[in-house]
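2 protein chains.
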Amino acid sequence: MKKIYTLIIAAIMPAAISLAQESASTNITGKEYPKINPDRTVIFKVDAPKAQSVSVDLEGRHAMSRNSQGQWEVTTPPITPGFHYYSLIVDGVKVSDPASRQFFGSGSMMSGIEIPEVCVDYYLDMDVPHGEVRMQRYWSELTGSWRVCNVYVPAGYDSNPETRYPVLYLLHGAGEDETGWPNQGLMYNIMDNLIYEGSAVPMIVVMDHGVAKIPGIASSNMFDFTAYEKLVIEELIPMIDSKYRTLADRQHRGICGLSLGGFQSFTIAMNNRDKFSWLGGFSGSGKGPGTTADLYDSSMNDDFNLIFISTGKMESPQMYATVKNFHDILDGAGVRHVFYQSAGTGHEWLTWRRSLYRLVPMLFK
Amino acid sequence: MKKIYTLIIAAIMPAAISLAQESASTNITGKEYPKINPDRTVIFKVDAPKAQSVSVDLEGRHAMSRNSQGQWEVTTPPITPGFHYYSLIVDGVKVSDPASRQFFGSGSMMSGIEIPEVCVDYYLDMDVPHGEVRMQRYWSELTGSWRVCNVYVPAGYDSNPETRYPVLYLLHGAGEDETGWPNQGLMYNIMDNLIYEGSAVPMIVVMDHGVAKIPGIASSNMFDFTAYEKLVIEELIPMIDSKYRTLADRQHRGICGLSLGGFQSFTIAMNNRDKFSWLGGFSGSGKGPGTTADLYDSSMNDDFNLIFISTGKMESPQMYATVKNFHDILDGAGVRHVFYQSAGTGHEWLTWRRSLYRLVPMLFK
Chain A
17 MKKIYTLIIA AIMPAAISLA QESASTNITG KEYPKINPDR TVIFKVDAPK
67 AQSVSVDLEG RHAMSRNSQG QWEVTTPPIT PGFHYYSLIV DGVKVSDPAS
117 RQFFGSGSMM SGIEIPEVCV DYYLDMDVPH GEVRMQRYWS ELTGSWRVCN
167 VYVPAGYDSN PETRYPVLYL LHGAGEDETG WPNQGLMYNI MDNLIYEGSA
217 VPMIVVMDHG VAKIPGIASS NMFDFTAYEK LVIEELIPMI DSKYRTLADR
267 QHRGICGLSL GGFQSFTIAM NNRDKFSWLG GFSGSGKGPG TTADLYDSSM
317 NDDFNLIFIS TGKMESPQMY ATVKNFHDIL DGAGVRHVFY QSAGTGHEWL
367 TWRRSLYRLV PMLFK
Chain B
17 MKKIYTLIIA AIMPAAISLA QESASTNITG KEYPKINPDR TVIFKVDAPK
67 AQSVSVDLEG RHAMSRNSQG QWEVTTPPIT PGFHYYSLIV DGVKVSDPAS
117 RQFFGSGSMM SGIEIPEVCV DYYLDMDVPH GEVRMQRYWS ELTGSWRVCN
167 VYVPAGYDSN PETRYPVLYL LHGAGEDETG WPNQGLMYNI MDNLIYEGSA
217 VPMIVVMDHG VAKIPGIASS NMFDFTAYEK LVIEELIPMI DSKYRTLADR
267 QHRGICGLSL GGFQSFTIAM NNRDKFSWLG GFSGSGKGPG TTADLYDSSM
317 NDDFNLIFIS TGKMESPQMY ATVKNFHDIL DGAGVRHVFY QSAGTGHEWL
367 TWRRSLYRLV PMLFK
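Taken in order, these protein sequences are the chains called A and B. Counting in the numbering used here, the first sequence tops out at residue 381, every number present. Counting in the numbering used here, the second sequence tops out at residue 381, every number present.
Printed below as a string of structure tokens:
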């Protein structure tokens, strides 16, 4: 009997790879659809009895048809793993799916769907000690307004009151806000898992809203970060260093971000080398998309402990070229850096989760 | 038109995720089967006209039936991504599949199959500068025989004749040999890709055959590594340091291995702290599976720059417990270490590829 028993165990093990359809984890409680098949095709069902046409915009547009129950229904092609924004298009109008939780992206609330990734759990909620994401309100004299940032503190922050921590400033993309990295990026799981594993140093992560309007220095150019840079240096960093137990020097302070937040990170860090020594940009790096080589030289090797740039391999040719050109510029200037490329993903959250996962173990060491 | 053009681009992008059946990349040239479906089920077809029963042993045993062409055929359940050994069982006899390339494992030549992993390419052959795997023969006075090891040298080794490199000794598992890491592990792709990316320091990787029979010190206990340790210290390291441009000191020398090779790595490194300062064990770590806490203390923090242990989360309970217990022992002794756990994988090569991919960026920094 022993041998047969062994075989049964072996046969059971791959069952970790689900064979079942699953309601998306991003659905609101109790909503069955959208539902994801094991081959990553997605079934949508929508009640819209009076609509003339309904489609889903998720990695391309998929026209729905009425099924026998009178619902609009479609099964998409296989969707890339990870998180995606999506929309319904009802009689030509782009709307949110009431079945989905809502995520702030593209400058508005968007539906979102999480497509499971086989044999990957670093961004999932695991049975490890959990840090916290704290909503931190602060008064800004420069903008004359209360602002809000999210601050991740690692597990044990409260129970080790003598311990001080390095700080990573982690910026979102255009049209997103301080909720992007926690809600879409699941950054708290990535941090918890890497810290538990021993791969990452326990650290504080600050996710601010990367937009600031300061009277007198507002600009119509989206790549002019003068106002936000001033706010980070004069108000955000001092606030964080006074409210949290930080190691408040450049050796223990890093900044990185995705897309527009990557351009912001490079601009702010390179203009303030006395403040930052760790630097990263995901799907956006350098001082802007049309950056020129003369801005970069080997002094960056002395000033930065790490320069990390990344891109999805499936980004649009223009997006990809922006990062690849910057990689070539750094190579040409003899600037040491990591150039991580995410396989099979575009300008999307799986690229940025992976980038964070690659970067964080290299920080503050 | 611009908007429609954008949508077409978006619709094309996910095509990177193949919808087609593919012959396994591990098949010998020209063999169509085994063939892998997009959902990771695998179709086997075997010609065995006189056999009474044929089955496939791949993550469990799958009985084949005769199809209308008289071939034996079966479609398996979804198989875990990565490399797997497999066998055919013809009338009760375990045999290799003549359609498959052969890999040395379980002490014999085995069929093997590579199941593609969606949106992952770090172990695939990419368009980056390639290092070389050199078959290095060497005479062993201790064993009185010629031995062979495989030595990976990074891209640029020959064209930078003044450069010296750190060395990682990378050991295989029980029943495997020096071909395991290149053939099953695709370690040369992992190294090429990490070095190109800038995440890993260029290094030499030595893959020896981890078995040595020395007259007078042979042992019947598979966890007694006395003979092989003697060979590594007295013959292998001096040979490598004389034939290759190494940085020949403990700060630039690491050792790690999988399964039995993990136990070997810990035993050899801990007995020879003057030789190694970087240490890892994948699905096998500590001085043996029944290791005791008294062998480990915080002096390891001084002697090793990094201690890395890992396991697949889907390993058998006994295998998993071995590594988990060692993790607890190190924690109890206050020994800093990384404990990486591979999601969804067992005692298999994807666990070990991932472990190498996690470990290598941390080495020699």
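Ideal placement from N, C-alpha and C gives every residue a C-beta, glycine not left out.
| Check | Outcome |
| --- | --- |
| Looking at the unbroken alpha helix (DSSP H) that takes in alanine 79 (chain A), where does it start and where does it end? | Careful: alanine 79 (chain A) lies outside any alpha helix (DSSP H), inside the beta strand (DSSP E) at 77 to 79. |
| Taking three-plus beta-carbon pairs below 8 Å as touching, is the region 269 to 283 of chain B in contact with the region 176 to 190 of chain B? | yes |
| Against chain A, does glycine 232 (chain B) count as a neighbour if the rule is that its beta carbon must be under 7 Å from one of theirs? | no |
| Report yes or no: do three or more beta-carbon pairs, one from the region 149 to 166 of chain B and one from the region 88 to 97 of chain B, lie closer than 8 Å? | no |
| Mind checking who tyrosine 185 (chain B) pairs with in its DSSP beta bridge? | B:Val222, B:Ile271 |
| Helix, strand or coil for threonine 91 (chain A)? Go by DSSP, reduced to three states. | strand |
| Near glycine 328 (chain B), which residues of its chain fall below 7 Å by C-beta distance, leaving aside the five closest residues on each side in sequence? | Ser299, Ser358, Thr361, Gly362, His363, Glu364, Thr367 |
| Report the three-state DSSP secondary structure of tyrosine 373 (chain A) (helix, strand or coil). | helix |
| Can you look up threonine 338 (chain B) in the DSSP assignment and give me helix, strand or coil? | helix |
| Does the beta carbon of methionine 17 (chain A) come closer than 7 Å to any beta carbon on chain B? | Because methionine 17 (chain A) sits at a pLDDT of 31, beneath the cut-off of 50, its placement in the model cannot be relied upon, and the point is left open. |
| Kindly indicate which three-state DSSP category isoleucine 233 (chain B) falls into: helix, strand or coil? | coil |
| Residues of chain B with CB closer than 7 Å to the CB of serine 293 (chain A), please, in chain order. | Residues of chain B passing the Cβ test: none, with the nearest at roughly 15 Å. |
| Just mark lysine 18 (chain A) as buried or exposed, buried being the case when its beta carbon has 16 or more other beta carbons within 10 Å. | Residue placement at lysine 18 (chain A) is poorly supported in this model, since its pLDDT is 36, which falls under 50; the coordinates still yield a value, given next. Looking at its Cβ environment, which holds fewer than 16 other Cβ atoms inside 10 Å, lysine 18 (chain A) is exposed. |
| Of all the beta strand (DSSP E) runs that stay within the bounds of the region 132 to 168 of chain A, which reach a length of 3 or more residues? | 148 to 156 |
| Please confirm if aspartate 143 (chain A) has its CB atom under 7 Å from at least one CB of chain B. | no |
| Give the residues of chain B in contact with threonine 213 (chain A), contact being defined as C-beta atoms less than 8 Å apart. | It should be pointed out that residue 213 (chain A) corresponds to glutamate in this sequence rather than to threonine. Near glutamate 213 (chain A) (Cβ distances below 8 Å), the residues of chain B are Val354, Phe355, Tyr356, Gln357. |
| Under a three-way DSSP split, which group does tyrosine 49 (chain B) fall into? | coil |
| Following the continuous beta strand (DSSP E) through glycine 277 (chain B), name the residue where it begins and the one where it ends. | Element bounds for glycine 277 (chain B): not the beta strand (DSSP E) but the alpha helix (DSSP H), 276 to 287. |
| Under 8 Å by Cβ, that's how I've got valine 227 (chain A) and isoleucine 284 (chain A) pegged, so tell me the actual separation to the nearest angstrom. | That pair is no contact at about 14 Å. |
| For the beta strand (DSSP E) containing tyrosine 101 (chain B), name the first residue and the last one. | 98 to 106 |
| State the CB to CB distance for the pair leucine 322 (chain A) and methionine 378 (chain A), rounded to an integer number of angstroms; the pair is presumed to be in contact (CB under 8 Å). | 6 Å |
| At the level of alpha carbons, what is the spacing between phenylalanine 380 (chain B) and isoleucine 271 (chain B)? | 12 Å |
| Chain A partners of aspartate 412 (chain B), CB-CB under 8 Å? | In the structure as shown, chain B begins at 17 and stops at 381. Residue 412 (chain B) is therefore absent and cannot be evaluated. |
| Does the count of Cβ pairs from the region 337 to 349 of chain A and the region 73 to 83 of chain A closer than 8 Å reach three? | no |
| For histidine 343 (chain A), collect the residues of the same chain with a Cβ closer than 7 Å to its Cβ; drop the 5 residues on either side in sequence, then sort them by chain order. | Ile325, Phe355 |
| Could you tell me the alpha carbon to alpha carbon distance between methionine 219 (chain B) and aspartate 208 (chain B), rounded to whole angstroms? | 10 Å |
| Can you check DSSP and say which residues form a bridge with methionine 125 (chain A)? | A:Phe120 |
| Give the residues of chain B in contact with threonine 361 (chain A), contact being defined as C-beta atoms less than 7 Å apart. | Cys135 |
| Nearest to leucine 372 (chain B) by alpha carbon, out of B:Gly304, B:Ile44, B:His268, B:Leu202? | B:Leu202 |
| Measuring straight from C-alpha to C-alpha, what distance separates valine 149 (chain B) and valine 222 (chain B)? | 9 Å |
| Using the beta-carbon count (16 or more within 10 Å), is leucine 375 (chain B) buried or exposed? | buried |
| Which residue or residues does DSSP assign as beta-bridge partners of aspartate 73 (chain B)? | B:Arg77, B:Ser103 |
| DSSP has phenylalanine 298 (chain A) in a bridge; who is on the other side? | A:Leu274, A:Ser326 |
| Is there a Cβ from chain A that is less than 7 Å from the Cβ of alanine 26 (chain B)? | A caution first: alanine 26 (chain B) carries a pLDDT of 34, below 50, which makes its placement in the model too unreliable to give a value. |
| I'd like to check one pair, lysine 51 (chain A) with serine 39 (chain A): are the Cβ atoms closer than 7 Å? | yes |
| In whole angstroms, what separates the C-alpha of glutamate 15 (chain A) from that of tyrosine 102 (chain A)? | Given that chain A is displayed from residue 17 to residue 381, the structure contains no residue 15 (chain A) and the question cannot be resolved. |
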